[in-house]
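J.: Please read through the structure below; I'll follow up with questions.
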Amino acid sequence: MSRFQPAEAYHATETSVQLLPFRFERAGSGGYLVSNMVGDFLRLTSDEFNRLVELNVAPGDDLYERAYANHLITRAGQVAQHQILAMRLRSRLAFLREPSALHMFVVTLRCEHSCPYCQVSRQSTDRTRFDMSEEIAECALTIALESPASRIKIEFQGGEPLLNFPLIAKIVQGAKVQGPKKGKQVDFVIASNLALLDDAILSFCKTNEILLSTSLDGPEDLHNRNRPRPGGNSYELAVKGIKAAQQALGKDRVSALMTTTEPSLDRIEDIIDEYVALGLDGIFLRPLSPYGFAVKTKQLQKYDGNRWLDFYKRGLRYVLDINRKKHKVHQEDEWMNLMGNAA
Amino acid sequence: MVDAITVEFDEAVQSLDALNAAAYRLLDAASCQIEKSGGKFVCRLTLKNSAKQDSESIRSRFLDCVTDENVRERLAVKTEPVRNLILSLAFGSLASQPSGKSE
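So the protein sequences, as listed, match chains A and B.
Residue numbering for the first sequence is 1 to 343, as defined by the working numbering.
Residue numbering for the second sequence is 344 to 446, as defined by the working numbering.
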């Protein structure tokens, strides 16, 4: 006598197969991309898709198993799948329970750079009337601390926020005093081109655990072309600032992102090499934003979505190659990350 | 080149919501005006200059979009009870908690 039941005994019971909610899109030549309630997806041929919709599936036909494993179908009376989907949905949307965690403080619209792709309506540096006032800063901080989130992030933006560093210092000190009283943990980020970074600012950042986020568009010629400033030394100052911040605050306390202009498109490898050489372990490939000067100077029209996607794919391939080689040669755990909105 | 196409649907078997959704998906290639006339929905597709496809391809794409939207409607109706069940399992317990409180 066999120790096990025949295979048929382990097939699903006779209860009827039912559809679970899913989304679909046609994908390429006759195929479909189908995703369940929590975003898992699989590709189906037209025939498979039609069979799924009509529930013309049965245990053992492969499609049934794939659809079941991807939570596209269930069986009457089956509760485990409902619970799994509910649990995953709850986790996936957990961020909604901690709303409005990020607060941007545009402390000045002034900037000493004149980047043609700038998404902000920057003003020249001599116009102090474009600085945020202390009164507004106090109101903004009060509003930020009223957020229901237990941990909030205050990000200082511009213009170039370091042009109004005294106000940044006041806001940070105010948040440090008021935050704990309201049960809030507050993180800080300064988004800066680092051209005005000095030891006093670095020391303040270290004391207050402030992260720095900067822009690095690639090698010197490309960066300076994209990011003009008096003296034409944006790259030199950005690199100097990144190195100083890495040394003073730690390598993980400064990050950079790049903006893709038309001249960047053929140079993804050079751009990524620049990040690797500076010890930056992540790169955010960013297309032009359709705001501000990027529109006025017609930068946006210089490349289309397809060219951007090609650029992104080449970048992804290059990052994977770097990681593969690094892992092979050094067995290191430090991986280069690629972020970016490919859409 | 033909710059307008007319496609008709029987009002008795075709939902207007699905036609509207299909028209929206075709926005990059054609603008669609939908009118009711004699028991039919008449869809007038005006091709855009930027459209890279010919009129037959756009008609065919529109029909595919309508077909897909019809399937989406059917799926939504069929799966609504289980969808509500899953949503209630996921978030039902939050309803009794005071707002603004995390778990």
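Ideal Cβ positions, reconstructed from N, Cα and C, are used throughout, including at glycine.
1. Cys386/B bridges to which residues according to DSSP?
2. When the cut-off is 8 Å and only beta carbons count, does Ala86/A lie next to chain B?
3. Bridge partners for Val17/A per DSSP, in chain order?
4. Return the chain-ordered list of same chain residues with a C-beta closer than 7 Å to the C-beta of Arg66/A, the five sequence neighbours on each side being excluded.
5. Determine the burial state of Thr410/B: buried for a count of at least 16 other Cβ atoms within 10 Å of its Cβ, exposed for fewer.
6. Quick check on Ile401/B - is its C-beta less than 8 Å from some C-beta in chain A?
7. Within the 8 Å Cβ cut-off, does Phe405/B reach chain A?
8. What is the DSSP secondary structure of Phe405/B, reduced to helix, strand or coil?
9. Would you please verify whether the beta carbon of His364/A is less than 8 Å from any beta carbon of chain B?
10. Could you name the residues of the same chain whose beta carbon sits closer than 7 Å to that of Gly144/A, not counting the 5 residues immediately before and after it, in chain order?
11. Compare the C-beta of Ala372/B with all C-beta atoms of chain A and state if any pair is closer than 8 Å.
12. Take the Cβ of Asn233/A as the centre, count every other Cβ of all protein chains shown within 10 Å, and call the residue buried at 16 or more, exposed below.
13. Let me know if Lys444/B comes out buried or exposed under the rule of 16 or more other beta-carbons within 10 Å of its beta-carbon.
14. Measure the C-alpha to C-alpha separation of Arg90/A and Lys383/B and round it to an integer number of angstroms.
15. Output needed for Ile73/A: all residues of its chain with C-beta closer than 8 Å, excluding positions within five of it in sequence on either side, in chain order.
16. Helix, strand or coil for Ala365/B per DSSP?
17. Measuring only the C-alpha atoms, how far is Ala372/B from Ser393/B?
18. Assign Gln299/A to one of three DSSP states: helix, strand, or coil.
19. Of all the options Ala69/A, Tyr318/A, Phe165/A, which has the alpha carbon lying nearest to the alpha carbon of Ala200/A?
20. Could you check whether Gln301/A and Pro116/A sit closer than 8 Å to each other, using their CB atoms as the reference points?
21. Any beta carbon of chain A sitting closer than 8 Å to that of Leu390/B?
22. Compute the beta-carbon to beta-carbon distance between Ala244/A and Leu197/A, rounded to the nearest angstrom, for a pair I have assumed lies under 8 Å.
23. Specify the secondary structure class of Met87/A as computed by DSSP and reduced to three states.
24. What residues in the region 410-425 of chain B bring their beta carbon closer than 9 Å to a beta carbon of chain A?
25. Please return the same chain residues whose Cβ sits closer than 6 Å to the Cβ of Thr260/A, not counting the five positions on each side in sequence.
26. For the candidate residues Ser46/A, Asp40/A, Ser35/A, Ser147/A, whose alpha-carbon lies nearest to that of Gly28/A?
27. Please name the residue, chosen from Glu412/B, Leu390/B, Asn413/B, that lies closest to Arg402/B on a Cα-to-Cα basis.
28. Just confirm the distance between the C-beta atoms of Glu134/A and Leu167/A, as a whole number of angstroms; I'd bet it's less than 8 Å.
29. What residue range is occupied by the uninterrupted alpha helix (DSSP H) comprising Asn224/A?
30. Going by DSSP, name the residue or residues bridged to Met104/A.
31. Is the region 181-189 of chain A touching the region 208-218 of chain A, taking contact as three or more C-beta pairs under 8 Å?
32. Identify which residue in Cys111/A, Thr142/A, Leu249/A, Arg110/A has its Cα closest to the Cα of Ser203/A.
33. Is any beta-carbon of chain B found at less than 8 Å from that of Gly340/A?
34. Against chain A, with Cβ distances strictly below 8 Å, would Ser445/B count as a contact?
35. Quick check: the Cα distance between Val414/B and Val172/A, rounded to an integer number of angstroms?
36. Let me confirm a value: Gln81/A is counted as buried when at least 16 other C-beta atoms fall within 10 Å, else exposed. Which label applies?
T.: Taking the geometry as given:
1. Answer is Val350/B, Ile377/B, bridged to Cys386/B.
2. For Ala86/A, the nearest CB of chain B lies under 8 Å from its own CB, placing it at the interface with that chain.
3. Under DSSP, Val17/A takes part in a beta bridge, and its partners are Arg75/A.
4. Leaving aside the five residues that flank Arg66/A on each side, the residues in its chain whose CB is nearer than 7 Å to its CB run, in chain order, Leu42.
5. Exposed is the call here.
6. No, because no Cβ of chain A sits closer than 8 Å to the Cβ of Ile401/B.
7. No, its Cβ sits nowhere closer than 8 Å to a Cβ of chain A.
8. It is helical.
9. No statement about residue 364/A is possible, as the shown extent of chain A runs from 1 to 343 and does not include it.
10. Residue identity check: residue 144/A is Ala in the sequence provided, not Gly. Same-chain partners within the cutoff: His103, Ile152, Ile154.
11. Taking a beta-carbon distance threshold of 8 Å, Ala372/B does not count as an interface residue toward chain A.
12. It counts as exposed.
13. Residue confidence for Lys444/B is low, a pLDDT of 44 falling below 50, so the modelled location carries little weight; the figure read from the coordinates is stated next. It is exposed - the Cβ of Lys444/B has fewer than 16 other Cβ atoms within 10 Å.
14. When rounded, the distance between both Cα atoms is 44 Å.
15. Taking Ile73/A as the centre and dropping the five residues before and after it, the same chain places the C-beta of Val17, Gln18, Leu19, Leu20, Leu52, Leu55, Val57, Tyr64, Ala67 closer than 8 Å to its C-beta, in chain order.
16. DSSP, reduced to helix, strand and coil, places Ala365/B within a helical segment of the structure shown.
17. Distance between the alpha carbons of Ala372/B and Ser393/B: 7 Å.
18. Gln299/A: helix per DSSP, three-state reduction.
19. When each option's Cα is compared against that of Ala200/A, the closest is Phe165/A.
20. Contact flag unset, no.
21. It does not; no Cβ of chain A falls within 8 Å.
22. Contact between Ala244/A and Leu197/A holds, with the beta-carbon distance rounding to 6 Å and staying under 8 Å.
23. DSSP places Met87/A in helix when its eight states are reduced to three.
24. Flagged, chain order: Asp411, Val414, Arg415, Arg417, Leu418, Ala419, Lys421, Thr422, Glu423, Val425.
25. Residues of the same chain with a CB within less than 6 Å of the CB of Thr260/A, apart from the 5 flanking positions on each side, are Pro287 in chain order.
26. Sorting Ser46/A, Asp40/A, Ser35/A, Ser147/A by C-alpha distance to the C-alpha of Gly28/A places Ser46/A at the top.
27. Comparing Cα-Cα distances from Arg402/B to each of Glu412/B, Leu390/B, Asn413/B, the minimum goes to Leu390/B.
28. Between Glu134/A and Leu167/A a beta carbon distance of about 7 Å is seen, short of the 8 Å cut, so the two are scored as contacting.
29. Note, Asn224/A: alpha helix (DSSP H), 220-226.
30. Within the DSSP secondary-structure output, Met104/A pairs in a beta bridge with Glu155/A.
31. Contact between the region 181-189 of chain A and the region 208-218 of chain A is present, with at least three C-beta pairs closer than 8 Å.
32. Ranked by how close their Cα comes to the Cα of Ser203/A, the residues Cys111/A, Thr142/A, Leu249/A, Arg110/A have Leu249/A in first place.
33. In this prediction, Gly340/A has a pLDDT of 49, which is less than 50 and means its spatial position is unreliable; nothing more can be read from the coordinates.
34. Low local confidence applies: a pLDDT of 42 at Ser445/B is under 50, so the model's placement there is unreliable, with the coordinate-based value given in what follows. Judged by the 8 Å Cβ criterion, Ser445/B is in contact with chain A.
35. If you take the alpha carbons of Val414/B and Val172/A, they lie about 54 Å apart.
36. It is buried - the Cβ of Gln81/A has at least 16 other Cβ atoms within 10 Å.
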